[in-house]
Amino acid sequence: MYIYLSIYLSIYLSIYLFYLSISTEKKSIKETNISSCSDNNNIHVDENKYLDKKTNDNNDDDDVTIEDEEGNVGLNEIKPFPRTNQMSFIAGGTFMMGTNKPVFVADGEGPERKVEISSFYMDVHEVSNAEFELFVNSTGYVTEAEKFGNSFVMENYLSKPTLDNVTDSVMAAPWWLSVNGANWKLPEGNDSTIRDRMDHPVLHVSWNDAVAFCKWSGKRLPTEAEWEYACKGSLNQRLFPWGNKENPYNKHWMNIWHGEFPKHNTGDDGYVGTNSVTMFPEQNKFKLKNIIGNVWEWTSDWWDVRHSTDFQKDPKGPPDGSDRVKKGGSFLCHKSYCYRYRCAARSQNTPDSSASNLGFRCASSKPPPGVEAIH
Ligand SMILES: [Ca+2]
Ligand SMILES: [Ca+2]
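Position 161, counted from 1, in the sequence shown is what the UniProt record's numbering calls 161; the numbers after and before it change by one each time, with no gaps.
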């Protein structure tokens, strides 16, 4: 009897101590997130357009997951990944990274430096909610925003009840608010959903979350040099993937902010919020979509604003740092405030930061089995 009692007590004590350690860990992470999210150039949300559904019909029927009685997904039940995000073959070459005509000097946009890139593969699209859901359902992965219990959203996209509960904002950009409950499944907080935009880019993913997803899919994040090379295509000293004109042929080629920032978004390009990852034309010869605009994209590099002009092959950025580089601008970028929807532009966040205008796409040195590569 005493033996059973002591076994029971020791098991109970172990569970209690484990719970305490998890709680302590979550608290320290949350504090880090809030204090470190100094980015004042981002964000998001959406007018709930569900477009081009065919690219997301991949996941529901044949992606079986195992759940226990409490609905937790079994970590060992990883199924083959039925991806729809094709990859483009990016033929290697030499290009001029950065620009000698920086718009934001403090961002380290310059100077130009000669860089050689080996051939690699890049996702055609930003990673969508549908794809990220496959990852979560297969692995039980919990994002950092979910652990923190909050993430950053631009105030224009929040409901009044959500706004009334906000207590934290970004000092340098007060329209950026810390929203309790905001995460990739609830992009504008507890009264929002992704169910009507599964083909839109996943939001509120930290750098660490993005790395986990790419690893699971047999890929990796692109380096900043790879990302910029893919963005510039064969064009040097051009602002955008297609050239210098923002709207060639009187056509919109990307989703950015139109109107008066941050007061009024006219949605001239068709979107006030994010768009489907398949919308807008291919932006250059590599057939990439939305590499400029829609959402910012994480790269693997640490952030630094000083660059050597020495020739480099396949640079991987500084050996260490506190922030990671993001590229491409977002649907919240306006020329008057965040003219960073240019290939040479760059910005940064801490690896645990997340926001409603920040996503990613993956790269790989060779495509994983079963992934279709476009040449
Ligand atoms: Ca827009
Ligand atoms: Ca993008």
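Note that CB positions come from ideal geometry on N, CA and C, so glycine has one too.
- Look at D301 here: in three-state DSSP terms it is strand.
- For a cut-off of 8 Å, the C-beta gap from S169 to S178 is around 7 Å, short enough to register as a contact.
- Three or more beta-carbon pairs drawn from the segment 284-296 and the segment 328-336 are found closer than 8 Å, and the two stretches are therefore classed as touching.
- Judged by DSSP secondary structure, N208 falls within the alpha helix (DSSP H) whose first and last residues are 207-216.
- When rounded, the separation of the alpha-carbon atoms in I194 and T139 is 20 Å.
- Assignment of beta strand (DSSP E) within the segment 149-226, counting only whole runs of 3 or more residues, yields 150-154, 168-170, 173-180 in chain order.
- The Cβ-Cβ distance between E126 and V277 falls below 7 Å.
- A residue is called buried once 16 or more other Cβ atoms fall within 10 Å of its Cβ, and G370, having fewer, is exposed.
- Distance from the C-beta of E297 to the nearest heavy atom of ligand 2 is below 6 Å.
- V105 and S364 have their C-alpha atoms some 31 Å from each other.
- One thing to note: D268 has its Cβ no nearer than 7 Å to the Cβ of N255.
- Looking at the backbone, the Cα of H204 and that of A210 are separated by about 10 Å.
- With contacts defined as CB atoms closer than 7 Å, E224 and T299 qualify as a contacting pair.
- Taking a cut-off of 8 Å for Cβ pairs, the segment 240-258 and the segment 349-366 do not touch, as fewer than three such pairs fall below it.
- Taken from the Cβ of F261, every heavy atom of ligand 1 lies 6 Å or farther away.
- The segment 88-100 and the segment 222-240 touch, with no fewer than 3 CB-CB distances between them shorter than 8 Å.
- Rounded to whole angstroms, M87 and K160 show a C-alpha spacing of 41 Å.
- Partner residues in a beta bridge of N284, as assigned by DSSP, do not exist.
- Cβ neighbours of C231 within its own chain (closer than 6 Å, five residues either side excluded): P241, I291, C343.
- Here S128 carries a strand assignment [DSSP, helix/strand/coil].
- The straight-line gap separating the alpha-carbon atoms of L134 and E109 is approximately 36 Å.
- The Cβ atoms of I117 and Y229 sit closer than 7 Å to each other.
- DSSP places L239 outside both helix and strand once states are collapsed to three, so it counts as coil.
- Remark: the shortest separation between the CB of N294 and any heavy atom of ligand 2 falls under 6 Å.
- The residues Q86, M87, S88, F89, V124, K287, in chain order, have a CB closer than 8 Å to that of I374 in the same chain once the five nearest residues on each side in sequence are set aside.
- Under the 10 Å beta carbon count, E131 is surrounded by 16 or more other beta carbons and is classified as buried.
- Its chain contains Y141 as the residues whose beta carbon lies nearer than 7 Å to that of A212, once the 5 sequence neighbours on both sides are disregarded; these appear in chain order.
- Taking the Cα positions, M198 is about 14 Å away from N137.
- N150 and A182 do touch by the CB rule: their CB atoms are close to 6 Å apart, below 8 Å.
- Here F360 is not bridged, per DSSP, to any residue.
- Judged by pairs of C-beta atoms under 8 Å, the segment 213-220 does not touch the segment 310-320, as fewer than three such pairs exist.
- By the neighbour-count definition (other C-beta atoms within 10 Å, threshold 16), A172 is an exposed residue.
- In this chain, the beta strand (DSSP E) harbouring Y121 covers 120-123.
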